[in-house]
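Undergrad:
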Amino acid sequence: MCCTDAALAYVEAHAAWSEANTRPSRERNYDAFVTRTRAGAARADFAVEGVRCASCLAAIERGLSEVPGVAVARLNLTERRLAVEWAPEAEPDVGLIRARLAALGYAAHPFDPHRPADAEAAESERLIRALAVAGFASMNVMLLAISVWAGSVSDMTPENRDLFHWIQALVALPAAAYAGRPFYEGALRGLRAGRITMDFPITLGVVLTLVMSVVETALGATHAYFDGAIMLLFFLLIGRVLEQAMRRRTRTLAENLAALRCETAARIEPDGSVRDVPLAEVAPGARVLVRPGERVPMDGRIERGRSDLDRSLVTGETAPVPVEEGALVQAGALNGDGALVVAVTAAAGAGFLDEVEALMRRALETRSRALVLADRATRLYVPLVHAAAALTFAGWLVAGAGPHAALLTAVAVLVVTCPCALGLAIPAVQVVAAGALFRDGVLLNDGSALERMGEIDTVVFDKTGTLTLPEPVLAAEAGDAAALARAARLALSSRHPMAAALARQAAEGAEPYPGAQEAAGLGVRATVDGVELRLGSPTFCGAEAQAEAALAAAPEASVICFRAGAGEPVAYPVAQALRPDAAAVMAALRAEGRRIAILSGDRPSAVAAVAARLGVSEWEAGLTPQDKIIRIEALGRAGRRVLMVGDGLNDAPALAAAHASLSPVTAAHVSQAAADALFLGRSLAPVLSVIAVGARARRLMRQNLWLAGAYNLVAVPLAAAGLLTPLIAALAMSGSSVVVTLNALRARARPRPTPSPPPEGTAEVPADPAIATP
Amino acid sequence: MAVLLLVIPIALGLGGLGLGAFLWALRSGQYDDVEGAELRALSDD
Chain A
1 MCCTDAALAY VEAHAAWSEA NTRPSRERNY DAFVTRTRAG AARADFAVEG
51 VRCASCLAAI ERGLSEVPGV AVARLNLTER RLAVEWAPEA EPDVGLIRAR
101 LAALGYAAHP FDPHRPADAE AAESERLIRA LAVAGFASMN VMLLAISVWA
151 GSVSDMTPEN RDLFHWIQAL VALPAAAYAG RPFYEGALRG LRAGRITMDF
201 PITLGVVLTL VMSVVETALG ATHAYFDGAI MLLFFLLIGR VLEQAMRRRT
251 RTLAENLAAL RCETAARIEP DGSVRDVPLA EVAPGARVLV RPGERVPMDG
301 RIERGRSDLD RSLVTGETAP VPVEEGALVQ AGALNGDGAL VVAVTAAAGA
351 GFLDEVEALM RRALETRSRA LVLADRATRL YVPLVHAAAA LTFAGWLVAG
401 AGPHAALLTA VAVLVVTCPC ALGLAIPAVQ VVAAGALFRD GVLLNDGSAL
451 ERMGEIDTVV FDKTGTLTLP EPVLAAEAGD AAALARAARL ALSSRHPMAA
501 ALARQAAEGA EPYPGAQEAA GLGVRATVDG VELRLGSPTF CGAEAQAEAA
551 LAAAPEASVI CFRAGAGEPV AYPVAQALRP DAAAVMAALR AEGRRIAILS
601 GDRPSAVAAV AARLGVSEWE AGLTPQDKII RIEALGRAGR RVLMVGDGLN
651 DAPALAAAHA SLSPVTAAHV SQAAADALFL GRSLAPVLSV IAVGARARRL
701 MRQNLWLAGA YNLVAVPLAA AGLLTPLIAA LAMSGSSVVV TLNALRARAR
751 PRPTPSPPPE GTAEVPADPA IATP
Chain B
1001 MAVLLLVIPI ALGLGGLGLG AFLWALRSGQ YDDVEGAELR ALSDD
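Chains as they are written, first to last, in the working numbering: chain A, 1 to 774; chain B, 1001 to 1045.
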């Protein structure tokens, strides 16, 4: 049988009246998600949603170990990932595992096994190993160093002192060679790129200190500074490890969210079978099946079928658009009630996504990248320190000290100014502030975004999916409760997104009507007690008049109609409800004196209604991505620091162009990548916490930089005067690092309580604070 | 003072033992799931 025949037969089976439309009608094939271990056993990794307790852990692992063929099921609670390994001879059945997890109450989706290897994990392990070595060495070297310091005021013989120095060298030199590698490599990378990074003075300081100490030891001098060099590495590595841990946590959760969004395509194989594959495996020219209620996985042209598409994630337009054969569709559009076969078009120059990406590249290039604090500190710090060291050397030569003594003092200056506190000043604040934001449901993509968020004076919102919730709900009080109950029960059979809004009104535990059938473009019908119930478009229910009346009352809504037999039809307006605390957040932003604007791609009537309800006077509707970026850049040129909050593909360029940006976790993939941070859940309050925590973090970073500077003001004159003993160096270094770290901990404090969301008339689904699915 | 030649290697050796144990634990994946480990200790089996 030819491939097209099978695909066509499948689509035609759906285009006609069919029960098959109302429930998942085809087995999924997950072979693409299974890998083989070296021993030949099959293995698959899953992202799991909703695990957060000991009983979940036991329930999942015990429940899965009973599945035939499963050898090991192990849940990683930190990463919320599940690894399942089958017995070598068993046939892996990913669908069965998902079904079993669903029965236990957890949603799960397998990872694409060919995703790029986790470089973050390898890097953080390398840093932790370096930290362990540096910690071991600094403890032991310090033990010996303190003996020497104590001995120099009592009766230690020079022979013993030299022996202790040599043992210190024995421990410190290999440890520094190993533990300092992240810094040496960073300095080298920077030099190759023609830049002086913070790694350069660190490397210079450590290497000079060690060389000087070895020379001094060989000459039998009183002081050696092995302890200072190795302690410096230890403190700086703590900062690096914290930074890396923050980055890795965000990355892990973002990957889980991506997997849970089921970013797969149902590819139609040459033999006519349908197979779920990761998006990366779909080549241009392939055919994919888009079932009712699913999102279009990739840009393409409709080959067979017709349906309504909800393109709100692409353009911000909320009204469904009817599409049929030959129409171009964009990735991210939500399919209505008809199955579609889409021929994937070539990725290059193929349309909307590429246009958006080109705009984004331009936005990122032209964005006047405000120099982050750390860069500014480095630029100021490096020449100052090196000048101070050179001056010291020259000064002592002029004063008549020998070159040996002058060099020794100059090196002491370099050593004592080594940016110990400076290296901790910013990462420590970033980590603590990112942790505080994480508790509020915000995942930070970029640590340096915190400072930018602290400067925001203008907040620009997208409407669809940002101010409103991504899924539509019933927009008005329904008159007839009995009719609503029946309409809601009928809606349970449909996978159309608008019907889903009605289905949420169904009574607890309501079953779909048996024998319900659905057809694309019309609706769903069922015969109950001899009466035909219909739910769908106004034409299908003969409810044009009621639909018009409902639309006149609620201009931003769309209508879904219901009719029982020959009775009076009912039109239900369905619209995307505002986030429960949107009005409170707007009021809070206004109270803080920030300018608020709404830039939407939706139609003016819908945007006007939302703007009026929120009391926002500055709004524009019907904007293209190009328009949005122009508005944002104009604001930026006028000196405003703009925070862009948006979710659609059409917002991605504006997100990249803004001073800082935030996306809900339900946002389009491209937007998530463009945003500085993602927020989870149904509340809009994260916008407030991001600005508040950002401002606090920025203040603390500046304080820390001043603290580190003040330390240098005390330490440099001491060193330049030749008064620096290893004891003073050790005290100054650790003291300043501890002060800076303690100061950073103040970023944990809650800036102020977030406004509590007022109850909304429509049904509320409690959001999972850890992971939300669209 | 000859005792130093005995004591210092012992001290360094013990420290190195601790370092080695930590690196081994890290490599064998004992820090991969810190949150899970604290709950696993509570389960019966």
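Where is the CB? At the ideal position from N, CA and C, for every residue including glycine.
(1) Determine the extent of the alpha helix (DSSP H) in which A/LEU268 is found, giving its start and end residues.
(2) Quick one: Cα of A/ALA350 to Cα of A/GLN672, how far?
(3) Starting from A/GLU125, find everything on chain B with Cβ-Cβ shorter than 8 angstroms and list it in chain order.
(4) For B/ILE1010, count the other beta carbons within 10 Å of its own beta carbon; 16 or more makes it buried, fewer makes it exposed. Which is it?
(5) So A/GLY523 is in the alpha helix (DSSP H); what residue range does that whole segment cover?
(6) Which residues mark the beginning and the end of the beta strand (DSSP E) in which A/SER671 is found?
(7) Which residues mark the beginning and the end of the alpha helix (DSSP H) in which A/LEU623 is found?
(8) With C-beta atoms as the reference, is A/VAL687 less than 8 angstroms away from A/ALA677?
(9) Excluding five sequence neighbours on each side, which residues of the same chain lie with their C-beta closer than 6 angstroms to the C-beta of A/LEU232?
(10) Does any CB atom of chain B fall closer than 8 angstroms to the CB of A/THR78?
(11) List the whole-angstrom C-beta distance separating A/VAL344 from A/VAL282, where the pair is believed to meet the contact cut-off of C-beta under 8 angstroms.
(12) Whose Cβ in chain A lies nearer than 8 angstroms to the Cβ of B/VAL1003?
(13) Tell me which residues of the region 1011-1023 of chain B have at least one Cβ-Cβ distance to chain C shorter than 9 angstroms, keeping chain order.
(14) Taking the continuous alpha helix (DSSP H) assigned at A/LEU391, which residues delimit it?
(15) If you reduce the DSSP assignment to three classes, tell me which class A/VAL211 lands in.
(16) In the DSSP output, what is A/TYR572 paired with across the bridge?
(17) Please confirm whether A/GLN576 and A/PRO427 have their CB atoms less than 8 angstroms apart.
(18) Starting from A/ARG699, trace the alpha helix (DSSP H) in both directions and tell me its first and last residue.
(19) Leaving out the 5 sequence neighbours to the left and right, which residues in its chain are closer than 7 angstroms to A/ALA102 when beta-carbon positions are compared?
(20) Is it the case that the Cβ atoms of A/MET453 and A/LEU643 are separated by a distance below 8 angstroms?
(21) Quick test of your reading: A/ILE596 and A/VAL459, contact by CB under 8 angstroms. State the CB separation rounded to the nearest angstrom.
(22) Under 7 angstroms from any heavy atom of the ligand MN, does the C-beta of A/VAL559 make it?
(23) According to DSSP, what are the bridge partners of A/HIS109?
(24) Distance, Cα to Cα, A/ASP440 vs A/LEU131?
(25) I'd like the span of the beta strand (DSSP E) that includes A/ASP310, first residue to last.
(26) Under a three-way DSSP split, which group does A/SER663 fall into?
(27) Can you look up B/LEU1039 in the DSSP assignment and give me helix, strand or coil?
(28) Please report how far the alpha carbon of B/GLY1036 lies from the alpha carbon of A/VAL48, in whole angstroms.
(29) Report the CB separation of A/THR392 from A/ALA377 in whole angstroms; it is logged as a contact under 8 angstroms.
(30) Taking a contact to mean a Cβ-Cβ separation below 8 angstroms, would you say A/PHE164 touches A/VAL148 in this structure?
(31) Does the beta carbon of B/LEU1006 sit closer than 8 angstroms to a beta carbon anywhere in chain A?
(32) So the candidates are A/GLY681, A/VAL714, A/GLY694 and A/GLY194; which of them puts its Cα closest to the Cα of A/LEU257?
(33) For A/THR264, count the other beta carbons within 10 Å of its own beta carbon; 16 or more makes it buried, fewer makes it exposed. Which is it?
(34) Would you tell me roughly how many angstroms separate the C-alpha atoms of A/THR466 and A/VAL314, rounded to the nearest one?
(35) Please confirm whether A/LEU775 and A/ALA747 have their CB atoms less than 8 angstroms apart.
(36) What would DSSP say about A/THR252, mapped onto helix, strand or coil?
TA: Considering the structure as presented:
(1) Position check: residue 268 of chain A holds Ile in this sequence, whereas Leu was assumed. Unbroken run through A/ILE268 is the beta strand (DSSP E), 264-268; no alpha helix (DSSP H).
(2) Note that A/ALA350 scores a pLDDT of 47, beneath 50, so its modelled location is shaky and nothing firm can be said.
(3) Here the neighbours are LEU1026.
(4) In summary, B/ILE1010 is exposed, with fewer than 16 beta-carbon neighbours lying within 10 Å of its beta-carbon over all protein chains present.
(5) Looking at the DSSP string, A/GLY523 is not in any alpha helix (DSSP H); the run it does join, the beta strand (DSSP E), is 523-528.
(6) Per DSSP, A/SER671 belongs to no beta strand (DSSP E); it is in the alpha helix (DSSP H), 669-674.
(7) No alpha helix (DSSP H) contains A/LEU623, which DSSP labels as neither H nor E.
(8) The answer is no: Cβ separation not under 8 angstroms.
(9) Answer for A/LEU232: CYS418 and CYS420, listed in chain order.
(10) So, interface residue.
(11) Between the beta-carbon of A/VAL344 and that of A/VAL282 there is about 6 angstroms, and that keeps the pair under the 8 angstroms contact cut.
(12) Ordered by position in chain A, no residue passes the 8 angstroms Cβ test against B/VAL1003, which lies about 12 angstroms from the chain.
(13) No chain C appears in the structure shown, which is made up of the protein chains A and B.
(14) Bounds of the alpha helix (DSSP H) holding A/LEU391 are 373-398.
(15) Collapsing the DSSP output to three states places A/VAL211 in a helix.
(16) A/ILE560, per the DSSP bridge assignment.
(17) In this structure, A/PRO427 does not lie closer than 8 angstroms to A/GLN576 by Cβ.
(18) Going by DSSP, A/ARG699 is part of the alpha helix (DSSP H) stretching over 686-720.
(19) For A/ALA102, there are no CB contacts under 7 angstroms within the same chain when 5 residues up- and downstream are skipped.
(20) Judged by beta-carbon spacing, A/LEU643 lies within the 8 angstroms limit of A/MET453, meaning their Cβ atoms are closer than that value.
(21) Confirmed, about 5 angstroms.
(22) Judged by which ligands are present, the structure shown has none, so any question about the ligand MN falls away.
(23) Beta-bridge pairing links A/HIS109 to A/ALA47.
(24) Going from the Cα of A/ASP440 to the Cα of A/LEU131 covers about 30 angstroms.
(25) That run of the beta strand (DSSP E) goes 307-310.
(26) In the structure shown, A/SER663 falls within a strand segment according to DSSP collapsed to helix, strand and coil.
(27) Helix.
(28) CA-to-CA, the gap between B/GLY1036 and A/VAL48 works out to about 14 angstroms.
(29) Not really, about 22 angstroms apart at Cβ, beyond 8 angstroms.
(30) Yes, they are a contact pair.
(31) Under the Cβ criterion of 8 angstroms, B/LEU1006 is not counted among the residues facing chain A.
(32) When A/GLY681, A/VAL714, A/GLY694 and A/GLY194 are compared, the shortest CA-CA separation from A/LEU257 is found for A/GLY681.
(33) Classified as buried, A/THR264 has 16 or more neighbouring CB atoms from the shown chains inside 10 Å of its CB.
(34) One C-alpha to the other measures close to 13 angstroms.
(35) Within the shown structure, residues of chain A are numbered from 1 to 774, placing residue 775 of chain A beyond reach of any answer.
(36) Three-state result, A/THR252: helix.
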